[in-house]
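What follows is a short report on a single structure.
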Amino acid sequence: MDFLNAHLLSAILFIPAIAALIMLLLPDRPGLLRWYALIASLIPFALAVYMWSNFQPSAPGFQFQEQHDWYAAIGSSLHLGVDGLSITMVLLTTLLTPLAILASFSVTDRIKPYMMLFLFLETGMLGVFMALDLLLFFVFWEVGLVPMYFLINQWGSANRNYASLKFMIYTMGGSLGLLLGIQLLGALFGTFDLAIITAKWNAIQGLLLGYPISTVKAVIFWAFVIAFAVKVPIWPFHTWLPDAHTEAPTAGSMILAGVLLKLGAYGFLRLVLPLYPDQARDFAWVLALLATAAIVFGAFGSLGQSDFKRLVAYSSVNHMGFVVLGIAAAALAAGTQDAHIAMNGAILQMFNHGLSAAGMFFLVGVIYERTHTRDLNQYGGLFPLVPIYGGILIFTSMASLGLPGLNGFISEFLVVRGSYPILTPYTAISMLGLLFTGAYILKGILKVLHGPLNEHWAHGEHKLTEIKPREVIVMVPLMALILFIGIWPAWILDVINKAVTRLF
Amino acid sequence: MTFPFLSVIVFTPAVAGMVILLIPAGKKNVARSIALAAAVLDIVLALSVYVTYLTQHLVGYQFIEQYNWLPALGISLHFGVDGMSTPLILLTGVVMFTGVLISWGEDHAHVQAGIQDRPREFFAFLFILASGVFGVFASLDLFMLFFFYEIAVFPMYLLIVIWGWIQTREYAAMKLTLYLFLGSVIALVGALAMYWVAGHNTGTYTFDMLQMEKANFSPQFQNIWFLPVFFGFAVLGGIWPFHNWSPDGHVAAPTAVSMFHAGVLMKLGAFAALRVGIMLLPEGAKYWSWVIMLCAAVAVVYGAFIAFVQTDFKYVIGFSSVSHMGLVMLGLSTLNKAGLTGAGVQMFSHGIMTALFFAVVGMVYDRAHTRQIPELGGMSKPMPWPAIGFIIGSLVSMGMPGFSGFIAEFPIFLGVWQTHWLVAVIASISIIVTAAYVMLVVRRVFFGNMPEKFVDHVGPVTRLDKLAIGTLCLLMVGIGLFPAIMVPMVQTGVEHILHLLGGA
Amino acid sequence: MTFLSVLPESLILLLAVIVLVVDPFWKEENRRNLGWLTAAGCLVTFIVSVVFARPGDPIFTFGNMVSFDWLGFFFKMLFIFGAGITALFLMDHEKVGRRGEAYVLLLASTIGMCLMASAADLVMLYLAIETTSIPLYILAGFMLADDRSTEAGFKYMLYGAMTSAVMLYGLSLLFGMADTTNLYGLAAALKTGQVPAGSILGIIFLIIVGLGFKVSIVPFHFWAPDVYEGSPTPVAGFLSTASKAAGFAVIVRLFVIAFPDFAALPVGAFNIGWTTILAILAAVTMTVGNLLALPQKNLKRLLAYSSIAHAGYAMIGIVAFSQLGTASVVFYMLAYIVTNLAAFGIVMTVGRVVGSDEYDAYRGLSRRSPGLALVMLVAFLSLAGMPPFGGFIAKVVVFAAGVQASFVWLVVLGILNSVVGVYYYLNVMKYVYLYRMEGEQEANCPIALTRPYVLALVVLAVGVVLVGTIIAPWFGLSSAAAASLF
């Protein structure tokens, strides 16, 4: 147990990857591979829950820290650790991965590589949340791309080639600036350890590369921001997202929306704000503007879609806009009570959106699997045919819409409450955006479940079948958490709040 | 008396080559078996040298052997390896081994894989070349370095002209030979000048590089001779604007020769440029480093763009080699710890990667009889191993973290940041371009629909091919995950170079 | 000692007499075996000389006519080696192989060469040169029924007579100025300031005309391609190797011993002397030889031009005017003789079967006779200056001497030229290894090799590799040869 406690993070981090490698040796039997992958992904979840229960929210700094030699030559090490901020994300990731794998039981094409990629993807994502070393952060940041690229490219739908390459190039192009910035920091300090770099970087004075330090910092600040903005995505860097989400296989979309987008926001919290507090404050209005644009245009974009999956995809732009709005507010007024509230909201929103977006994409996948269409106009009046599915869909949509009593309300309320005194006009416009959030979600429900029944789905070979128990099982944990957080947010907000108060 | 590792490594291929020539022409398999045996012996010895050097934490020149060769002129057969050359010895062993494996040749209804025509001569010439390559990496005597260098160059002509691609082989082989020969003899003049001046300065006329390192060449002398010497060798390293021979040569060469050529020979140029140019003329290197950096940066970006627009599978790889070797030169030009370390690792990483690339290209071409990317497609179905190998190679090539390419490229960029940061920014463009073109190639060649004409005509690869692919992939991933198995060793070599640069 | 100093010449003379005597007694179909006899005799001479007649410190015999030193001895051994190999090549020549006169003339010429290498007196020198040349004139035109051969012999003789007359004029002027014909006395007699430097350089130029003809440097090279092409191939090989080396033996000795003061005289800002003249000639020779070799389609003509180019490279060593330079020339000659004899041997072998020396005759050679192709590869790569063959080391030492003497421009030119050389040598190898015979039936038309060829080619191929790899002993001998002049 001591060993486990000492290596808890690396266990969580590497078990999926190791399991993926072992999978290489397994015989090609679909059932075996599926269950193996599921169990392999449940172990990290169990460990993450264990870690959550042993986590002390009030203790300062990072917990469960581990440091191993990795690339000593350039001063980079395998330095892992979690605080209130990242443990939430670790929990989210380890939760969503088994669900996504369970959701993928319907995949029949090349199961082994598919499952392996998923497990590798989990390691990549977890690594970003755990890394306390700048280079390591980047390593996992990039590593996550590859499995996702192949998941979209190989198991995606019709337009997958275009979407996957766009995803890859956008994200890599975005992280180019991040890479260069990290290189500069590494070249400057000879180490990549986040704590050391943060301390030294904030203390640095004078000229750098022949320019005033503030100029250099501003440039690198933007390099970082663009990298993370692409991932979040913030308008106008979001155009890869609807394509990627739409073309990705169901489980891929779940993870993409549920976790990958959070990587970007996490980058803001973990790197941008601590490393560039001044620049963040100076440019917070830009972020706020872009966040507002994301919220409004995301909502409008969503409203305009006739493709169910694209509708959900644009809703991610909209929801992640709130995260960024909260971050911008916190950056502008760091240290104030309002800022803390906004930040709490932003982080909780990350978690919540992870739950609801994953759920929504899954539900879209469920109906797509049966109808082989995502065109909203092809549906209509399906509620009587599939009442359970309809109920689940309405429940999840309401969470996404921000219905009080469900989780989305809590986080969006906190963001708005915190931001309002700081960024009044932006918040006001964003709240108008919320109105359209309601509109597009209701439009989605209306088009799918209500209205006149499309007879095509009622009889014969096209008769719509009800959601299967396995699929319900995927949704149950998500719905439970959605409800639980909505009713009693304190269990998670406590952890987040203590971290936020210390950090920002 | 310790076992003479290096001389056995160096001379085994040549001896094996001669033995092969004595075998009756009909017994192709005997010739192949002898070739394989020699290759196995060499890779085992190279590996043991490598492991010894690594695990015993050796520094400086080790495994030293010295035999008089021409005492009158101070020439001796002086072997020894340091942290820079040990990985390259291993690299040569690996490429030789895998090269023999994929050249084995196996008669198959639709597959003309490997070398069927005059395998005797093929292996003999290839092995003489290998001896030359080993010799250059192991030589501590300037004259012997040239001696082996030329031995490594001329068999290339025959190998390309006899077994090469029928359309361009005569032109490409001659172009290659003349470029390389001219470059090396120009460097030779510089080396002779160094010999006389060093003798004049120190009183002993010797080609021993360990002695010449202490020769105190005047800065003026170094400034005059550095560029001819460095560029003379760097021609073989494919430095822009003298890279022109290289893609043509790669494309025209038969598979195993392309592997050797891009995998090892280009390293020969970079290595010799380092050992003779930078290490013996450090002041000149400092004076001219900006020229090298400029040329290297152009090579990096230009090579990537040109690779992007190629439609011939093999030309893509050929130009990507120019781009990647540009990174090696970029690392060398920084003259600092990070840059040189990166260059050292990149030499190994690129060698393995490009050997793998060419091996896969060869396998595809042998079966599809075309290398035009638009005509190919869906190759991953019949040939999963080459597809996976190529994907891993691609990830290495785009500098994806977790693979050796990242481990190599990152310090190079770090080093460039410390000297001319703008160059780092410009050179980083190549990362995106590289990602774009390798991913496009992967998708178009290995995925998508297989054209009708290939269905049932493209067979799987042989077991030997798989072994070769597996070996190469293992190395790339191994170094990517555990840089400690190579980087510290390279660093010991770099320390010595830095000492020369600082002490001069 | 007196006798030992000319032991090789004496033994060769004896051999020639034996051949002459035996010749009429053997039936014509057996006369081919005279080649074995000659080669064996050369071998015996070689061994006996090496065992019993090695020189020590330089001494002069026959009234200071002959110098007995390592320089002469080394070259003599080279000539005898060359003569023996050439005898083997001659044996199976259709028109020449069965005629005893050929072997006798070969040996007579060899005697002349040996004396050239050791001559210490202008008179001796001139006599030796003529002794060498006259039998070669005859050999070149030996095939009377063949117009080209007759033309070759006649052309060679006209050129030879003309140039040796010019040289004789120069030698007589030299005698007039110095009042001595002894080489070793000339230097003392011709001190700077006492004699007009300009006229000495003029005299030197006259001498260069004669010697330049022997070693075929530009612009005295015009005979070479035609004569090589027309003569019996083994004779051409002998002309391009031993005869050329003999010329170099004389040049080395003459310039170093007789004109040390005139190597480089200060003229304004420059140093001008015979090194300058020779440097320019070397540059022109390399360049012209190589460039003219490029368009050739006939292997014998190619080798003619390449041998011109090689004379240019070797001259760099003389231009360097140093002990290393001299040693490098001597070494160059060793490597060159072995290599070029192998090249001509292959031309002979292939020409005999295919009946042509054009490049096209060599198509598919590697499939018809892999071994022969390999020897050819070795020889040509050595000519191109690639390791691990003799040509590489030879070029490097010559260049090293050039750099040492600050003739960097000449060395760079030499390097550019050797790149050109690589082009045309490899171009030939393309015919051998890449191109197919018409009908692609190579397996059915192997190249028949008789025993003398096998023996000679194996010896030469091994020699080329040995000279290129185990260089220390050879270089030691070359250095010893050079040391006897300094």
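Residue numbers (the numbering used here), protein chains in the order written: chain B, 38 to 541; chain G, 1369 to 1872; chain A, 5 to 490. Every residue, glycine too, gets a C-beta built ideally from N, C-alpha and C. Keep in mind the model is a prediction, meaning the values are calculated, not measured.
* Would you call S141/B buried or exposed, if buried means 16 or more other Cβ atoms sit within 10 Å of its Cβ? -> buried
* Classification of L282/A by the beta-carbon crowding that lies within 10 angstroms, buried from 16 upward -> buried
* Asked: Among H97/A, D151/A, M147/A and G76/A, which has the Cα closest to the Cα of L129/A?
  -> G76/A
* Contact between the region 1524-1543 of chain G and the region 432-448 of chain A (3+ Cβ pairs under 8 Å) -> yes
* Got a sec: is the Cβ-Cβ distance from Y427/A to anything in chain G below 8 Å? -> Taking a beta-carbon distance threshold of 8 Å, Y427/A counts as an interface residue toward chain G.
* To do: Kindly indicate which three-state DSSP category H1446/G falls into: helix, strand or coil?
  => In the three-state DSSP reduction, H1446/G falls in the strand class (E or B).
* Asked: With a Cβ-Cβ cutoff of 8 Å, do A1559/G and N1569/G count as a contact?
  -> no
* Asked: Are the beta-carbon atoms of D230/A and K304/A separated by less than 8 Å?
  -> Against a cut-off of 8 Å, the Cβ pair of K304/A and D230/A comes out as no contact.
* **CB contact check: Q104/B to chain G, cutoff 8 Å** => no
* Coarse secondary structure for V423/A, derived from DSSP in three states -> Here V423/A sits in helix by DSSP.
* Tell me whether P2/B sits in a helix, a strand or coil according to DSSP, three-state version. => There is simply no residue 2/B to check, as chain B begins at 38 and stops at 541 in what is shown.
* Asked: Is the region 264-279 of chain B touching the region 298-305 of chain B, taking contact as three or more C-beta pairs under 8 Å?
  -> yes
* Using the C-alpha atoms, what's the distance from S488/A back to V260/A? -> Looking at the two C-alpha atoms, the distance is approximately 11 Å.
* In terms of residues, what are the limits of the alpha helix (DSSP H) holding P1615/G? -> W1613 to A1620
* Would you tell me roughly how many angstroms separate the C-alpha atoms of L111/A and F83/A, rounded to the nearest one? => Rounded to whole angstroms, the gap between the alpha carbons of L111/A and F83/A is 10 Å.
* What are the boundary residues of the alpha helix (DSSP H) that D230/A is part of? -> Per DSSP, D230/A belongs to the alpha helix (DSSP H) from W227 to G234.
* the region 1422-1441 of chain G contacting the region 1829-1843 of chain G, beta-carbon criterion three pairs below 8 Å -> no
* Same chain only: Cβ atoms within 8 Å of I16/A, ignoring 5 sequence neighbours per side -> G45, C46, T49, I84, A87, L111, T114, I115 and C118
* Asked: Hey, does T1545/G have any beta-carbon neighbour from chain A nearer than 8 Å?
  -> yes
* To do: Determine, using beta-carbon pairs with one atom in the region 241-249 of chain B and one in the region 305-316 of chain B, whether at least three such pairs fall under 8 Å.
  => no
* So, does the CB of L336/A fall closer than 8 Å to a CB anywhere in chain G? -> One point to set straight first is that residue 336/A is Tyr, not Leu, in the sequence displayed. No, because no Cβ of chain G sits closer than 8 Å to the Cβ of Y336/A.
* Asked: Where A445/A and V354/A are concerned, what is the direct C-alpha to C-alpha distance, given to the nearest angstrom?
  -> A small fix is needed here, since residue 445/A is Gln in this sequence, not Ala. Whole-angstrom Cα-Cα distance: 17 Å.
* To do: Starting from W1437/G, follow the beta strand (DSSP E) in both directions and report where the run begins and ends.
  => Segment Q1430 to L1438, the beta strand (DSSP E) holding W1437/G.
* So E284/B packs on S194/B, CB below 8 Å; how close in whole Å? -> About 5 Å separates the CB atoms of E284/B and S194/B; that is less than 8 Å, so the two are in contact.
* Asked: Shorter than 8 Å from the beta carbon of T1839/G to some beta carbon of chain B?
  -> no
* Continuous alpha helix (DSSP H) assignments of at least 4 residues falling wholly in the region 361-417 of chain A -> Taking 4 residues as the shortest admissible run, the region 361-417 of chain A contains the following complete alpha helix (DSSP H) segments, listed from N- to C-terminal end: 369-372, 374-388 and 394-408.
* Do you know offhand how far L126/A's Cα is from R371/A's? -> 53 Å
* **Own chain partners of F1814/G with C-beta closer than 7 Å, once the 5 adjacent residues on each side are dropped** => M1747, S1748, A1755 and F1758
* Alpha carbon to alpha carbon, what distance is there between L129/B and F175/B? -> 20 Å
* For chain G, is any of its Cβ atoms less than 8 Å away from the one on G223/B? -> yes
* Have a look at S290/B and R347/B and give me their C-alpha separation to the nearest angstrom. => Rounded to the nearest angstrom, the gap between the Cα atoms of S290/B and R347/B is 11 Å.
* Asked: Taking Cβ-Cβ distances below 8 Å as the criterion, which residues of the region 1547-1559 of chain G are in contact with chain A?
  -> F1549, L1550, V1553, I1554, L1556 and V1557
* If you drop the 5 nearest sequence neighbours on each side, which residues of the same chain put their C-beta closer than 6 Å to that of V1521/G? -> L1548
* Does any CB atom of chain B fall closer than 8 Å to the CB of V1855/G? -> yes
* Name the residue from Y1670/G, R1537/G and I1685/G whose alpha carbon lies nearest to the alpha carbon of V1729/G. => I1685/G
* Measuring from the CB of V357/A, is there a heavy atom of the ligand MN at a distance below 7 Å? -> The ligand MN is not part of the structure shown, which contains no ligands of any sort.
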